[in-house]
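Written out below as structure tokens is the structure these notes cover.
Chains as they are written, first to last, in the working numbering: chain A, 7 to 105; chain B, 247 to 554.
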């Protein structure tokens, strides 16, 4: 497995806050969980209608999803297993074949 | 251009450097490779000068890819651009005109340390790999480290943040080397193009404030024509506009610095896609992404040659 399988079970979640309350709630939870933000580049850019993609590790994804459900924030899981997506991109795999 | 080199796969840093060495040897009529300095970890910062050596003074276009390590489609495009230039110089009148009348300075991998790290350790690494003495976090956002409203809105002073602006402007040797190079050629370089991912946007200044640039009509029409050309390939829509309002406000960006440094056409591309794959754009999409982007870059270059 590429990268020692470290992304196994990690997720990428898309959210679009619909209110200031949701934006601030996301700001707080992302800061607390120290997530890897794919877009925008900083949590301070998250405001109403900002398309937000966040990579959350496997051991924190359940915490985040529970939080979002409790806060009634809509979300969509765009990548359910990041390791599989990494393998599919095949940069490392084709490199190994070339070597 | 290089026998057996596959432009539809992602290449490691070592492979890209070997590719540049090879081109430098085999296409000396159109390519000259040189180093503008060393990265934090001591790697050479290679640039390809592409163009026909036809007259002593020629205007130039600067293109860099891979400022952010995880945005692999950027370096893939830079390689594609060079390949296309070499392959079509004889057959495409527009390309021949571009390479005869201009030089292109291409930096296929700006953030060499970060790019290498994204291949060996952390696929989603963004920053450089410089060390911080006080914190255990590495790296500076190379697109927040330029001396233009440095570390203002949209950048962070905390070393562990992904938008960390650095301890001072041009603290990163990569940023300092490119800035030095561009400053020395201020009169020669007429366009600055930087390639990122992902969002499908074509951005121009300003990033650091909400304001209209003095040559707005020329830049805006160049952007409009470029995205239309891009869309003509596969129907992919790119948004375009000032970075501050089209994307978000961010200070210390290379595009804003290039513009402030006197380069009239400064653009940042955010290539495919819009989030389905994100940074993990499959290799099967390298060809269409690069093909459409090529049309946009050629369009901007022809606009530059027409003198708006």
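Just so you know, even glycine gets a beta-carbon here, dropped at the ideal spot from N, CA and C.
Practice task
At 7 Å on the CB atoms, spell out the chain A contacts of residue 409(B), in chain order.
Solution key: Under the 7 Å cutoff, chain A gives 47 and 48.
Practice task
Please name the residues in the segment 77-90 of chain A whose beta-carbon is closer than 7 Å to at least one beta-carbon of chain B, in chain order.
Solution key: Here the close residues are 84.
Practice task
Provide the residue span of the alpha helix (DSSP H) that contains residue 225(B), from first to last.
Solution key: Outside the displayed span of chain B (247 to 554) sits residue 225(B), for which this structure offers no information.
Practice task
Along the alpha helix (DSSP H) that carries residue 491(B), what are the first and last residues, could you check?
Solution key: From DSSP, the alpha helix (DSSP H) with residue 491(B) extends over 489-492.
Practice task
Taking only beta-carbon positions, decide if residue 95(A) is within less than 9 Å of chain B.
Solution key: Interface annotation, residue 95(A): in contact with chain B, CB-CB separation under 9 Å.
Practice task
Please confirm if residue 451(B) has its CB atom under 9 Å from at least one CB of chain A.
Solution key: Taking Cβ atoms only, chain A never reaches closer than 9 Å to residue 451(B), which makes this a no.
Handout entry: Buried or exposed (CB count within 10 angstroms, at least 16 for buried), residue 54(A)
Key = By the 10 Å Cβ count, residue 54(A) comes out exposed.
Practice task
Taking residue 467(B) as the query, report the chain A residues whose CB atoms sit under 7 Å from its CB, ordered along the chain.
Solution key: At a C-beta separation below 7 Å, residue 467(B) has no neighbours in chain A, since its nearest C-beta there lies roughly 28 Å away.
Problem - Between the CA atoms of residue 374(B) and residue 447(B) - distance to the nearest angstrom - result: Cα to Cα, residue 447(B) sits roughly 24 Å from residue 374(B).
Problem - Status (buried if at least 16 other CB within 10 Å, exposed otherwise) for residue 385(B) - result: Its Cβ being crowded by 16 or more others within 10 Å, residue 385(B) is buried.
Exercise for the section: Find the residues of chain B that neighbour residue 43(A), judging by a C-beta separation of less than 9 Å, and give them in chain order. Expected result: Ordered by position in chain B, the residues that pass the 9 Å Cβ test against residue 43(A) are 408.
Problem - Proximity winner among 317(B), 497(B) and 360(B), relative to residue 95(A) (alpha-carbon distances) - result: When only C-alpha atoms are compared, the closest one is 317(B).
Practice task
State yes or no: is the C-beta of residue 334(B) nearer than 8 Å to some heavy atom of the ligand HEM?
Solution key: The ligand HEM is not part of the structure shown, which contains no ligands of any sort.
Exercise for the section: Output, in chain order, the set of chain B residues within a Cβ distance shorter than 8 Å of residue 59(A). Expected result: Those are 521 and 524, listed as they occur along chain B.
Handout entry: Residue from 312(B), 305(B), 421(B) and 424(B) whose Cα sits closest to the Cα of residue 370(B)
Key = Among 312(B), 305(B), 421(B) and 424(B), the Cα nearest to that of residue 370(B) is on 312(B).
Exercise for the section: Identify whether residue 249(B) lies in helix, strand or coil by the three-state DSSP scheme. Expected result: Assignment of residue 249(B) by DSSP, reduced to helix, strand and coil, places it in the coil class.
Exercise for the section: Please check the pair residue 49(A) and residue 37(A), which I expect to be a contact at CB under 8 Å, by giving their CB distance rounded to whole angstroms. Expected result: Contact flag correct, Cβ pair sits at about 6 Å.
Problem - Interface flag, residue 67(A) vs chain B, CB-CB below 9 Å - result: Answer no: the Cβ-Cβ gap between residue 67(A) and chain B never drops below 9 Å.
Problem - Local conformation of residue 37(A) per DSSP, three classes - result: Residue 37(A): helix per DSSP, three-state reduction.
Handout entry: Span separating the alpha-carbon of residue 520(B) from that of residue 301(B)
Key = For residue 520(B) and residue 301(B), the distance between alpha carbons rounds to 42 Å.
Handout entry: chain A residues whose Cβ lies nearer than 7 Å to that of residue 528(B)
Key = What residue 528(B) touches in chain A: 94 and 95.
Exercise for the section: Identify each residue in the segment 7-18 of chain A for which the Cβ-Cβ distance to at least one residue of chain B is less than 9 Å, and report them in chain order. Expected result: Close to chain B, meaning a Cβ-Cβ distance shorter than 9 Å, are the following residues of the segment 7-18 of chain A: 8, 9, 12, 13 and 18.
Practice task
Counting only the same chain and skipping the five closest in sequence on each side, list residues whose C-beta sits under 6 Å from that of residue 64(A).
Solution key: Scanning its chain for C-beta atoms nearer than 6 Å, with the 5 sequence neighbours on each side dropped, one finds around residue 64(A) the residues 15 and 16, in chain order.
Exercise for the section: Rank 59(A), 92(A), 60(A) and 82(A) by C-alpha distance to the C-alpha of residue 528(B) and give the top, closest one. Expected result: If we check each option's Cα against that of residue 528(B), 92(A) comes out closest.
Exercise for the section: Compute the Euclidean distance between the alpha carbons of residue 413(B) and residue 499(B), then round it to the nearest angstrom. Expected result: Cα to Cα, the separation comes out at about 15 Å.
Handout entry: Three or more C-beta pairs below 8 Å linking the segment 507-520 of chain B and the segment 438-445 of chain B
Key = Yes, they touch.
Practice task
Mind reading off the beta-carbon distance from residue 470(B) to residue 502(B)? Whole number of angstroms is fine, and I expect it under 8 Å.
Solution key: Their Cβ separation, rounded to whole angstroms, is 21 Å, which puts residue 470(B) and residue 502(B) out of contact at 8 Å.
Exercise for the section: Return the first residue and the last residue of the alpha helix (DSSP H) that residue 502(B) is part of. Expected result: Element bounds for residue 502(B): 500-506.
Exercise for the section: Count the other CB atoms, across all protein chains shown, that sit within 10 Å of the CB of residue 275(B); report buried if there are 16 or more and exposed otherwise. Expected result: Flag for residue 275(B) reads exposed.
Problem - Backbone CA spacing between residue 389(B) and residue 335(B) [nearest angstrom] - result: When rounded, the separation of the alpha-carbon atoms in residue 389(B) and residue 335(B) is 33 Å.
Practice task
Report the option in 104(A), 76(A), 56(A) and 43(A) whose CA atom is closest to the CA atom of residue 493(B).
Solution key: Selected option, being the one with the closest Cα: 56(A).
Practice task
Name, in chain order, the residues that DSSP records as bridge partners for residue 290(B).
Solution key: Residue 290(B) is bridged by DSSP to 284(B).
Handout entry: Contact with chain B by residue 73(A), beta-carbon distance below 9 Å
Key = Under the Cβ criterion of 9 Å, residue 73(A) is not counted among the residues facing chain B.
Exercise for the section: Assign residue 411(B) to buried or exposed, taking buried as 16 or more other Cβ atoms, counted over all protein chains shown, within 10 Å of its Cβ. Expected result: Looking at its Cβ environment, which holds 16 or more other Cβ atoms inside 10 Å, residue 411(B) is buried.
Handout entry: Partner residues on chain B for residue 20(A), Cβ-Cβ distance less than 9 Å
Key = Within chain B, the residues whose beta carbon sits less than 9 Å from that of residue 20(A) are 521, listed in sequence order.
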